[in-house]
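Take a look at the structure below.
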Amino acid sequence: MDDEEVVVSAIAVFIGISLRKKKRKAKEKKKRTWAKPWLMRKKYQGAFQNLETELTTEDPKQVTNFRRMDDVAYSELLQKITPFITRKDTVMRQAIGPGERLSITLRYLATGQSYKSLAYLYRVSPASICTIIPETCTAIFEALKNTHMKVMLILSCSFL
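Residue numbers (the UniProt record's numbering): 1 to 160.
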């Protein structure tokens, strides 16, 4: 190999290494978003913020049909379970409010829609839906168990 070939080979190796470094840096620089863009539009296009608000003001009968519960019962239930399902806002994001949590749960219980379907409708992540529904169901039980639900007490009997 003469000097010219050595120089060309060295330059080719140098360029190859430089390109690899650039590709690595490009991969490292790709910033991931905290939430998917379609979830970020919840405020403007989510079912709770828009559809329920529109139905409440324009057609109260249809909001009852959508929630599967009239406004009075919904308000009473919401008032009873709010202390159990209220979450605090963080620096990173706003908490999902108790009204939206209850609406998601009622929609699930009434229709049996999948968590994924509810996630698209309400623009809430499926992981959040997986947490919201069981928590809200537990809160409903805790709030209503003394007044609306009979709880069986099992007494232990011992026979001599």
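Cβ atoms here follow ideal geometry from the backbone N, Cα and C, with glycine treated the same way.
Candidates T105, V124, G99, L78: which alpha carbon is nearest I133's? Position 133 of the sequence shown, counting from 1, holds the residue named residue 133. When each option's Cα is compared against that of I133, the closest is T105.
*Decide yes or no for the touch test of the segment 116 to 126 against the segment 68 to 79: beta carbon pairs closer than 8 Å, at least 3 of them.*
Output reads no: the segment 68 to 79 does not touch the segment 116 to 126.
Does the count of Cβ pairs from the segment 55 to 67 and the segment 136 to 147 closer than 8 Å reach three?
no
Excluding the five sequence neighbours on either side, which residues of its own chain have a C-beta within less than 8 Å of the C-beta of M149, listed in chain order? Taking the first residue of the sequence shown as 1, we reach residue 149 at position 149. Excluding residues within five positions, the ones whose Cβ falls inside 8 Å are F141.
Helix, strand or coil: which one does DSSP assign to V124? Indexing the sequence shown from 1 puts residue 124 at position 124. The answer is coil: DSSP assigns V124 none of H, G, I, E or B.
- 6 Å CB neighbourhood of S103 in its chain, flanking five on each side removed: Counting from one through the sequence shown, the residue named residue 103 turns up at place 103. Cβ neighbours of S103 beyond the five flanking positions: F48.
Practice task
Return the first residue and the last residue of the alpha helix (DSSP H) that E54 is part of.
Solution key: As a working note, residue 54 is residue 54 in the sequence shown. Looking at the DSSP string, the run of the alpha helix (DSSP H) that includes E54 is 53 to 58.
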